[in-house]
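**Q**
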Amino acid sequence: MEEVKKISELFLKATGWTFVGEAPAVPKAVAVGYPHTTNWDFFIFLAVSSHFGMKFSFLAHEGLFVGPVGWLLRRLGGIPVQGGSSGTIVETAVRSVDSADRMYLAIAPEGTRAAADHWRSGFWRIADAAGVPVAMAFVDWPSKTTGFGPTPPIDGDPEAWMEQAAVFYADKQGLKPHHRGAVRLAD
């Protein structure tokens, strides 16, 4: 599947995209991908994986992991999760992070490609329970840039982390800006 990632990277470079920042200098992290406004962001995610030499994992509904599509999703780093309880999803993700020597778990914190009035807290709960930092990954369609920003440590204060995230993501726009949600956790 490295070929698919490399093709994505070459395509982005050929169409004028630039990769910025540095991969997190830790063996494990949760990487929030924001803004996530279109399915095309998945191919950017593959290109970032190739460019930075990282193997990302991602969560997807277990119903997608059937037949050839399931095989492909697993090869690309997919982790099947049951729908329903967010606690079960967090537990599954934490077990996956704990059992790996190296893992960068990519999560779209809005939980949707549509506009959301807040981020879901799962990314934070996974990182906190697994004892790993949260890397700020991004896509900015107007400037055709993608990559990484800071990777602040988890310090038990999600509000302080979110304040840093709001500043970092303030100028980042998705392909469909009207689908970009607020950078804040639910009240």
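Here our numbering is used: the first residue of the sequence shown is 164, the next is one more, and so on. Every residue, glycine too, gets a C-beta built ideally from N, C-alpha and C.
In angstroms, rounded to a whole number, what distance separates the CA positions of leucine 209 and valine 167?
**A** In the sequence shown, residue 209 corresponds to position 46, counting from 1. In the sequence shown, residue 167 corresponds to position 4, counting from 1. Near 8 angstroms, if we compare the C-alpha coordinates of valine 167 and leucine 209.
**Q** Compute the beta-carbon to beta-carbon distance between leucine 268 and valine 244, rounded to the nearest angstrom, for a pair I have assumed lies under 8 angstroms.
**A** Position 105 of the sequence shown, counting from 1, holds the residue named residue 268. Position 81 of the sequence shown, counting from 1, holds the residue named residue 244. Not a contact, Cβ separation roughly 11 angstroms.
**Q** Can you name the start and end residues of the beta strand (DSSP E) that threonine 201 belongs to?
**A** Your numbering for residue 201 matches position 38 in the sequence shown. Counting along the chain, threonine 201 falls outside any beta strand (DSSP E), and DSSP gives it neither H nor E.
**Q** Here's the rule: buried if 16 or more other CB atoms are within 10 angstroms of the residue's CB, otherwise exposed. What is arginine 238?
**A** Taking the first residue of the sequence shown as position 1, residue 238 is located at position 75. Classification of arginine 238: exposed, given that the 10 Å Cβ count is below 16.
**Q** Residues in the same chain with beta-carbon distance under 7 angstroms from alanine 290, minus the five sequence neighbours each way, listed in chain order, please.
**A** Your numbering for residue 290 matches position 127 in the sequence shown. Excluding positions up to five away in sequence, the list reads Val193, Pro296, Val297, Ile317.
**Q** State yes or no: is the C-beta of threonine 314 within less than 8 angstroms of the C-beta of phenylalanine 301?
**A** Numbered from its first residue, the sequence shown carries residue 314 at position 151. Numbered from its first residue, the sequence shown carries residue 301 at position 138. Taking 8 angstroms as the Cβ cut-off, threonine 314 and phenylalanine 301 do not qualify as a contacting pair.
**Q** Taking 8 angstroms as the threshold, find out whether the segment 188-204 comes into contact with the segment 256-267 through three or more Cβ pairs.
**A** Contact holds: three or more Cβ-Cβ distances are below 8 angstroms.
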